[in-house]
Amino acid sequence: MKYLRTSALRSGSSGNSILISTDQSSVLVDAGITGKGLTCALGELDESPDKLKGILITHEHCDHISGLGVILRRYKIPFFINKETLKQVLPGLGRFDPDLIRIIYPDESFRIDDLEIMAFPISHDAVAPVGYTISSGLGTIGVCTDLGCTDERVFQALSGSKLCYLEANYDQELLRMGNYPLKLKERIAGHHGHLSNDESGAACIRLLQQGTERIILSHLSQENNFPHLALLTVNDALTEAGAKEGLDYQLTAARRYDVSEPQEI
2 MKYLRTSALR SGSSGNSILI STDQSSVLVD AGITGKGLTC ALGELDESPD
52 KLKGILITHE HCDHISGLGV ILRRYKIPFF INKETLKQVL PGLGRFDPDL
102 IRIIYPDESF RIDDLEIMAF PISHDAVAPV GYTISSGLGT IGVCTDLGCT
152 DERVFQALSG SKLCYLEANY DQELLRMGNY PLKLKERIAG HHGHLSNDES
202 GAACIRLLQQ GTERIILSHL SQENNFPHLA LLTVNDALTE AGAKEGLDYQ
252 LTAARRYDVS EPQEI
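Under this note's numbering, the first residue of the sequence shown carries the number 2, and numbering increases by one thereafter.
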């Protein structure tokens, strides 16, 4: 039976990795998880590392690539990455088979088995950060979890995605009143930082207008956010826009340290 299924294995500044699988194959978006953690997470989902056909890298920050070197050596999985990000990542990977490298280019689609994938540029304080859309014959999943702002490029890329992972990193008041240094607060709230709950809510309104039915809030800050607060803020924004939860959309939040409930489209 054909399916397109996804689950966040980890989400947040402690580590990020998202599994997207079909009946034939599966891919990871980012590898901010240990080799042992990946094996355990896949086991929870009744998935096998042998089914993994690729790792899609969004950018070079440690919480997205910390486990990449170990996973490459252990499982020999190809990883897909743009040239600029590869230069940043290579020094920390250790020894691995260079034949596992697959260079990708923004806005150019490519295939991994039965999945069609496209990377698209996003605004974040990394050398060449990207989001991804991953499609099968059953629909499209969008992943956009580290970005300081949404623009037309992002919305155009995500248009038609049935399910989207979208960042809701911080609550504006918690960030303002928190203990972070001023420069760090400005970085987080800047156009190359992260999306607030309010900004995520505004973006979700647009996503629903474009056909998105399920949204998974991602990369929530442990210090400047709470899952219930992010969900409440985004739900309020969607309700004010006239959308009804359960009828027009489904909203959840990815877990930080644990495997999130799988969702299928």
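Virtual Cβ for every residue (Gly too), placed ideally from N, Cα, C.
- Using beta-carbon positions only, say whether R11 and G33 come within less than 8 Å of one another. Within the sequence shown, numbered from 1, the residue matching residue 11 stands at position 10. Within the sequence shown, numbered from 1, the residue matching residue 33 stands at position 32. The Cβ atoms of R11 and G33 lie closer than 8 Å to each other.
- Message: Considering Cα atoms alone, identify which of E174, R207, N170 is closest to G194.
- Response: One-based indexing of the sequence shown puts residue 194 at position 193. Selected option, being the one with the closest Cα: N170.
- Item | Run of the alpha helix (DSSP H) containing T86, from where it starts to where it stops | Locating residue 86 in the sequence shown gives position 85, where the first residue counts as 1. From DSSP, the alpha helix (DSSP H) with T86 extends over 84-90.
- In three-state DSSP terms, what is S18? As a first step, residue 18 is located in the sequence shown; it is residue number 17 there, counting from the start. Taken through DSSP and simplified to helix, strand or coil, S18 comes out as strand.
- How many Å lie between D259 and Q89 at the Cα? One-based indexing of the sequence shown puts residue 259 at position 258. One-based indexing of the sequence shown puts residue 89 at position 88. For D259 and Q89, the distance between alpha carbons rounds to 28 Å.
- Query: Nearest CA to the CA of T134: which residue from A127, E153, S160?
  - Reply: As a working note, residue 134 is residue 133 in the sequence shown. Comparing Cα-Cα distances from T134 to each of A127, E153, S160, the minimum goes to S160.
- Task: Let me know if R215 comes out buried or exposed under the rule of 16 or more other beta-carbons within 10 Å of its beta-carbon.
- Result: In the sequence shown, the residue the question calls residue 215 occupies position 214. Within 10 angstroms of the beta-carbon of R215 lie 16 or more other beta-carbons, which makes it buried.
- Task: List the endpoints of the continuous alpha helix (DSSP H) containing F227.
- Result: Translated into positions along the sequence shown, residue 227 becomes position 226. In the DSSP assignment, F227 falls outside any alpha helix (DSSP H) and carries neither an H nor an E.
- Might you give, ordered along the chain, the residues of its own chain that have their beta carbon closer than 6 Å to the beta carbon of E117, omitting 5 neighbours on each side? Stepping through the sequence shown from its first residue, residue 117 is reached at position 116. These residues qualify, in order along the chain: S110, S136.
- Do Y76 and L53 have their C-beta atoms closer together than 8 Å? Looking up residue 76 in the sequence shown gives position 75. Looking up residue 53 in the sequence shown gives position 52. Yes, they are a contact pair.
- Between the CA atoms of F227 and S26 - distance to the nearest angstrom: Position 25 of the sequence shown, counting from 1, holds the residue named residue 26. Position 226 of the sequence shown, counting from 1, holds the residue named residue 227. One C-alpha to the other measures close to 34 Å.
- Task: Name, in chain order, the residues that DSSP records as bridge partners for A129.
- Result: Working through the sequence shown from its first residue, we reach residue 129 at position 128. Looking at the DSSP output, A129 bridges to nothing.
- Query: Around the C-beta of N180, are 16 or more other C-beta atoms found within 10 angstroms, so that it is buried, or is it exposed?
  - Reply: As a first step, residue 180 must be located in the sequence shown, where it is residue number 179. N180 is classed as exposed because its beta carbon has fewer than 16 other beta carbons within 10 Å across all chains shown.
- Query: Looking at the unbroken beta strand (DSSP E) that takes in A267, where does it start and where does it end?
  - Reply: Given that the chain is displayed from residue 2 to residue 266, the structure contains no residue 267 and the question cannot be resolved.
- Message: Can you give me the C-alpha to C-alpha distance between S49 and T40, rounded to a whole angstrom?
- Response: Reading the sequence shown from its first residue, position 48 is the one you call residue 49. Reading the sequence shown from its first residue, position 39 is the one you call residue 40. If you take the alpha carbons of S49 and T40, they lie about 8 Å apart.
- Item | Beta-carbon proximity list for N61, same chain, < 7 Å, skipping 5 on both sides | Looking up residue 61 in the sequence shown gives position 60. A small correction: the amino acid at residue 61 is Glu; Asn does not occupy that position in the sequence shown. Correct list, in chain order: T86, Q89, V90, A127, V128.
- Task: Mind checking who T7 pairs with in its DSSP beta bridge?
- Result: Position 6 of the sequence shown holds residue 7. Residue pairing from DSSP places T7 in a beta bridge opposite I21, Q264.
- Message: If you reduce the DSSP assignment to three classes, tell me which class Y181 lands in.
- Response: Sequence index remark: in the sequence shown, residue 181 carries index 180 (1-based). DSSP places Y181 in coil when its eight states are reduced to three.
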